[in-house]
Amino acid sequence: MTSPLETAAKVPPRRYAAKLASWSIRCLHSSYRLRSPSYASSTKASPRPLTDRDRPATGRAFRRFVGIGLGGGRGKTTAVARLDLAGDDRRLVVSEARTRVGLRGGGVPGPSRLAFRDDVLLSWIREWVDDSTVVAIDAPLTLPPCLTCPLACPGFEACQVPVVVWMRTHAARLANKSPRRDPQKPWVTPYTQRATELLLEHATLAPREALGQGMGPLAARAAFLRRATAGRLRLHENLLEVHPRATLIRRFGADVERRSRRAENETTWEARKQMLESLTEGVAFDRVWPELVVRNVHVFHAVIAAMSAYLWARDGWRGPTDLVPPDGAETLQEAVGELGDLWLEAGWIWTPPAPSES
Numbered sequence: 015m016t017s018p019l020e021t022a023a024k025v026p027p028r029r030y031a032a033k034l035a036s037w038s039i040r041c042l043h044s045s046y047r048l049r050s051p052s053y054a055s056s057t058k059a060s061p062r063p064l065t066d067r068d069r070p071a072t073g074r075a076f077r078r079f080v081g082i083g084l085g086g087g088r089g090k091t092t093a094v095a096r097l098d099l100a101g102d103d104r105r106l107v108v109s110e111a112r113t114r115v116g117l118r119g120g121g122v123p124g125p126s127r128l129a130f131r132d133d134v135l136l137s138w139i140r141e142w143v144d145d146s147t148v149v150a151i152d153a154p155l156t157l158p159p160c161l162t163c164p165l166a167c168p169g170f171e172a173c174q175v176p177v178v179v180w181m182r183t184h185a186a187r188l189a190n191k192s193p194r195r196d197p198q199k200p201w202v203t204p205y206t207q208r209a210t211e212l213l214l215e216h217a218t219l220a221p222r223e224a225l226g227q228g229m230g231p232l233a234a235r236a237a238f239l240r241r242a243t244a245g246r247l248r249l250h251e252n253l254l255e256v257h258p259r260a261t262l263i264r265r266f267g268a269d270v271e272r273r274s275r276r277a278e279n280e281t282t283w284e285a286r287k288q289m290l291e292s293l294t295e296g297v298a299f300d301r302v303w304p305e306l307v308v309r310n311v312h313v314f315h316a317v318i319a320a321m322s323a324y325l326w327a328r329d330g331w332r333g334p335t336d337l338v339p340p341d342g343a344e345t346l347q348e349a350v351g352e353l354g355d356l357w358l359e360a361g362w363i364w365t366p367p368a369p370s371e372s
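Our numbering puts the sequence shown at residues 15 to 372.
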């Protein structure tokens, strides 16, 4: 006998029915052909072996893309999203998007409505992450250089750690700020910032400082989760740091992205719908109701994080060089060139490549 909770996990409220009918994105139901044996095998944690057909032109062979919008340790604002390449046509399908186990948002209803605290989140990762999965997390996955340095500190101006030298050299040039009222104020603090934030700030992609205001607990939780999953997730290989706002700004512009963060109302939800439709053309929803995705900003950002992972694999994002426009940005180009491969250890927030100026 189906429990009320299981029924609620599968059936959307009636008030959403009319809105869902107007969507150009088609929701996939359990009777659709994606419920074929080939699709069923692709949604389990032990899929068929990878073949050349699964390998994009970039050489990144993944069939599942997980996005995690990380919140505090209590898990109340943590959201997860799971996207799969399903069926013979390898269509991108949103298979799960939720803030609690058991809530609407996935094809597997849970026994209770547990928030994604550390134990719940790690259990979920163990269930769904395999060799064909890439995970994108909206939280700092590395710490600022001063916090990981084992050397006796000579002071910022005398420090010879390569990434700190780079930050000292380029911080003022990369700043997008007007002249400062306090000329003694430092341009950069390498105990709260990383190189990636300086570059993304210059590219107007609105990064958060790794240990800026209110970020300490989040960065600490991200560091714990990275250590706890080190056996299966490797940074820049199948584990990515992303910032959904940066992805949306790059694809749609700052003004459009800002509209997706206004008051929770029909206008904001409609803006989010249009972004989902445009970001990855042809995306489908399998027992995940789009209306529920756009009505919760944490779930929405988790889906955008997962889509960022998909675009990273599909389009072959390269890292810092993606920030440099093909036809300009001399300051940015010089800074990226001198950074070299320091970002591999210092950390990187993955974003879509810069568009060409038209």
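Ideal Cβ placement from N, Cα and C applies to all residues, glycine included. Note that this is a predicted model, so its numbers are computed, not measured.
For this session: Note down the Cα distance separating I82 from V307, rounded to an integer number of angstroms.
Result: 14 Å
Exercise. When you compare only the Cα positions, how much space is there between A150 and F79?
Worked result: Roughly 8 Å separates the two Cα atoms.
Exercise. Assuming D98 contacts R112 under a Cβ cut-off of 8 Å, what Cβ separation, rounded to an integer in Å, is found between them?
Worked result: Incorrect: roughly 15 Å between the Cβ atoms, too far for contact.
Problem set entry | Pick from V302, G296 and V313 that is closest to R286, judged by C-alpha positions | V313
For this session: Alpha carbon to alpha carbon, how far is V297 from R127? Give it in angstroms, no decimals.
Result: 27 Å
Problem set entry | Segment contact, 8 Å Cβ cut-off, at least three pairs: the region 162-180 with the region 203-214 | yes
Exercise. Roughly how many whole angstroms lie between the Cα atoms of T335 and L293?
Worked result: 21 Å
For this session: State the start and end residues of the unbroken alpha helix (DSSP H) segment that holds G351.
Result: That run of the alpha helix (DSSP H) goes E344 to L353.
Exercise. With which residues is V256 paired in a DSSP beta bridge?
Worked result: According to DSSP, which records beta bridges pairwise, V256 is partnered with W364.
Exercise. On the three-state DSSP scale, how would you describe F299?
Worked result: strand
Exercise. At which residue ranges does the region 257-336 contain complete beta strand (DSSP E) runs of 3 or more residues, listed in the order of the chain?
Worked result: Counting only runs of 3 or more, we get 298-300.
Exercise. Where does W268 land, buried or exposed, given buried means 16+ other C-beta within 10 angstroms?
Worked result: According to the sequence provided, residue 268 is Ala. The question's Trp does not apply to it. It counts as exposed.
Problem set entry | Simplified DSSP state of G116, which is helix, strand or coil | coil
Problem set entry | 8 Å contact criterion, which W142 and R104 should meet: CB distance rounded | At roughly 19 Å, the Cβ-Cβ gap does not stay under 8 Å, so W142 and R104 are not in contact.
Exercise. Just the Cα atoms here: how many angstroms apart are V338 and P221?
Worked result: Roughly 16 Å separates the two Cα atoms.
For this session: State the DSSP-derived secondary structure class of E110, mapped to helix, strand or coil.
Result: Here E110 sits in strand by DSSP.
Problem set entry | Member of R240, G86 and P366 whose CA lies at the smallest distance from the CA of R328 | P366
Exercise. Between M321 and the rest of its own chain, which residues show a CB-CB distance below 6 Å, the 5 nearest in sequence each way excluded?
Worked result: L293 and T294
For this session: For the beta strand (DSSP E) containing F130, list its first residue and its last residue.
Result: It is not in any beta strand (DSSP E) - F130 carries neither H nor E in the DSSP assignment.
Exercise. Is F76 helix, strand or coil when you go by DSSP?
Worked result: coil
Exercise. Among the residues of its own chain, which have a CB less than 7 Å from the CB of D133, if the five just before and after it don't count?
Worked result: none
Exercise. Can you tell which of G169, A186 and H250 has the C-alpha that lies nearest to the C-alpha of E359?
Worked result: H250
Exercise. Can you check whether the CB of R74 is closer than 8 Å to the CB of R131?
Worked result: no
Problem set entry | E352, buried or exposed, once every other Cβ within 10 Å from all chains shown has been counted against 16 | exposed
Exercise. Excluding sequence positions up to five away, which residues of its chain have a Cβ less than 8 Å from the Cβ of A260?
Worked result: L214, L219, A220, P221, I363 and T365
For this session: Measure from the alpha carbon of W303 to the alpha carbon of each residue in E110, L84 and K90, then state which is nearest.
Result: Nearest of E110, L84 and K90 to W303, Cα basis: E110.
Problem set entry | T147 - partner residues in DSSP beta bridges | R78
For this session: List the endpoints of the continuous beta strand (DSSP E) containing V94.
Result: A93 to A100
Exercise. For G361 versus E255, is the C-beta distance shorter than 8 Å?
Worked result: yes
Exercise. How is P339 classed by DSSP in three states: helix, strand or coil?
Worked result: coil
Exercise. From what residue to what residue does the alpha helix (DSSP H) around W180 run?
Worked result: P176 to L188
For this session: Hey, could you find the ends of the alpha helix (DSSP H) T210 is sitting in?
Result: Secondary structure note for T210: its alpha helix (DSSP H) is the uninterrupted segment A209 to H216.
Exercise. With which residues is L249 paired in a DSSP beta bridge?
Worked result: L253
For this session: Might you give, ordered along the chain, the residues of its own chain that have their beta carbon closer than 8 Å to the beta carbon of V175, omitting 5 neighbours on each side?
Result: Within the same chain, and ignoring the five residues on either side of V175 in sequence, the residues whose Cβ sits closer than 8 Å to its Cβ are P159, C163 and L165.
Exercise. What's the gap between the Cα of T156 and the Cα of A277?
Worked result: Between T156 and A277, the alpha-carbon positions lie close to 32 Å from each other.
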